[in-house]
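The structure under discussion appears below in the form of structure tokens.
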Amino acid sequence: MPAIDALTKTDRMMQLQLLLRRKPEGVRTSEVARLLGVSERTARRYMDQMTASGLLPAYQDKWTWKLVEGAKFDLLPVRLDLDEAMALYLAARLLSAHSDKHNPHAVSAMNKLASAMPQPIGEHIVRTAEATARRREHPVYLKALETLALAWAERRQVRMLYATPHAEEVTERVFDPYFIEPSAIGYSCYTIGYDHLRGGIREFKVERIARVDLLDTHYDIRQGFDPYAFLANAWGVMGGEEVTEVRLRFTARVAFRIRESDWPGVTGVEEHPDGTCTMTLRVNHTVEMMPWIRGWGPDCEVLEPEDLRQQIAEEMKEASAVYESERG
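Residue numbers for the sequence shown follow UniProt numbering, so the first one is 1 and each next one is one higher.
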């Protein structure tokens, strides 16, 4: 097979793995042929050889090739230049800084990454992995995240028990995980997908999942759902189609800090002669940005919408009253 042999064995396996994982419903021989740049006859012979030898855990189901259920692959080698290594180092530091739970998979991934890095950078990633390994263990959370990751990768439904916030209630539901998204607020992780109990797209905090079981049934993504479009105007993980315009005025003392960052949902920053600035944003849910607004204290004034302005004003008054009262 000279045409196929033009590719390295590693390249072929990587391409086929990615193709089969992306399409759990099955891949036709014609798609394999296009991927490898060969005839269908050659592609079919190659797939027969790879599956028969056990090198590729797949099987033929009528007209398509599918991965064997539960198939796992070793990590494939990746070549990095120094700037790419630095990008992954920063990602590892962010992962450690924004995680308060012990995750052995994150530790293992960082140690493997460190082994492929230039020595000075690798040392710091090992130290980062050690710090992550000292986090508190949360076995229920870890099991839920592992199960959701597998369901997401294989497009399989799950049945989960979910603890509703602010209520002593645990509900059971079938759920199709479309996406998994971390949140810097509370060092949390969310899964987004179709909730069969409510009949719509919902976000669920993984930390509130009491139990999750993988089902044999596969799902198709409904309503043309695109997680990136869903989260396009989200300040965190609460997305959707409804958008609210928010206008905030910042004092001259912090205006430079506002200008130097690219904040989520910002459509414009207007600078004023007195050194203050007004930021305009479009967000899905203002509740997610309220902790950020509070963090600026008196240096941030909500101009619009009025209900958000009133809510922040009331909270500021309550906070002031706490500090004005005499200590007992």
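Even glycine gets a Cβ: it sits at the ideal position worked out from N, Cα and C.
Remember, it's a predicted structure, so these values are computed and weren't measured experimentally.
Considering only DSSP beta bridges, list what residue 382 is partnered with. Because the chain spans 1 through 328 in this model, residue 382 falls outside it and cannot be assessed.
Verify whether the separation of the beta carbon atoms of residue 195 and residue 179 is less than 8 Å.
-> no
Q. Are there three or more Cβ pairs, one per stretch, closer than 8 Å when the segment 241-251 is compared with the segment 197-217?
A. no
- Task: Please state if the CB of residue 281 and the CB of residue 266 are separated by a distance shorter than 8 Å.
- Result: yes
Closest residue to residue 69 among 153, 245, 276 (Cα-Cα distance)
Distance from the Cα of residue 69 is smallest, within the candidate group 153, 245, 276, for 153.
- prompt: How would you label residue 158, buried or exposed, when you count the other beta carbons within 10 angstroms and need 16 or more for buried?
  reply: By the neighbour-count criterion, in which 16 or more other beta carbons inside 10 Å mark a residue as buried, residue 158 falls on the buried side.
(Q) Taking the alpha carbon of residue 129 as the reference point, which residue from 149, 102, 119 has its own alpha carbon closest? (A) 102
* Asked: Are residue 234 and residue 98 close, meaning C-beta to C-beta below 8 Å?
  -> Note that the C-beta distance between residue 234 and residue 98 is not below 8 Å.
Return the chain-ordered ranges of every beta strand (DSSP E) run that is complete within the segment 32-119 and spans a minimum of 3 residues.
58-61, 64-67
Point to revise | Residue span of the alpha helix (DSSP H) that contains residue 254, given as start and end | key: 252-259
field: Candidates 259, 192, 247, 141, of which the one nearest residue 225 by Cα
entry: 192
Query raised in the report: With burial defined as no fewer than 16 other Cβ atoms inside 10 Å of the residue's Cβ, what is the status of residue 46: buried or exposed?
Result: buried
Could you check the C-alpha separation between residue 37 and residue 15 for me, to the nearest Å? 12 Å
- Message: Runs of 4 residues minimum, wholly inside the segment 304-328: which ones carry the alpha helix (DSSP H) assignment?
- Response: Runs of the alpha helix (DSSP H) spanning 4 or more residues and lying entirely within the segment 304-328 occur at 306-324, in chain order.
**Prompt:** From residue 59 to residue 26, what distance separates their C-alpha atoms?
**Reply:** 10 Å
Where DSSP assigns a beta bridge to residue 216, which residues make up the other side? Note: residue 216 sits in no beta bridge, so no partner.
Contact set for residue 160: own chain, Cβ-Cβ below 7 Å, skip 5 residues either direction
173, 175, 209, 211, 212
task = May I have the straight-line CA-CA distance separating residue 190 from residue 310, to the nearest angstrom?
result = Roughly 29 Å separates the two Cα atoms.
Label residue 6 either buried or exposed according to how many other C-beta atoms from any shown protein chain fall within 10 Å of its C-beta, with 16 as the threshold for buried. In this prediction, residue 6 has a pLDDT of 42, which is less than 50 and means its spatial position is unreliable; nothing more can be read from the coordinates.
Neighbourhood of residue 64 by C-beta, 8 Å cutoff - its chain only, sequence neighbours within 5 removed
25, 26, 27, 28
When you compare only the Cα positions, how much space is there between residue 62 and residue 216? 20 Å
Query raised in the report: Ordered along the chain, which non-local residues of its own chain (more than five positions away) have a Cβ less than 7 Å from that of residue 113?
Result: For residue 113, where only same-chain residues beyond five positions count, the Cβ hits under 7 Å are 88, 92, 125.
Could you name the residues of the same chain whose beta carbon sits closer than 8 Å to that of residue 315, not counting the 5 residues immediately before and after it, in chain order? 294
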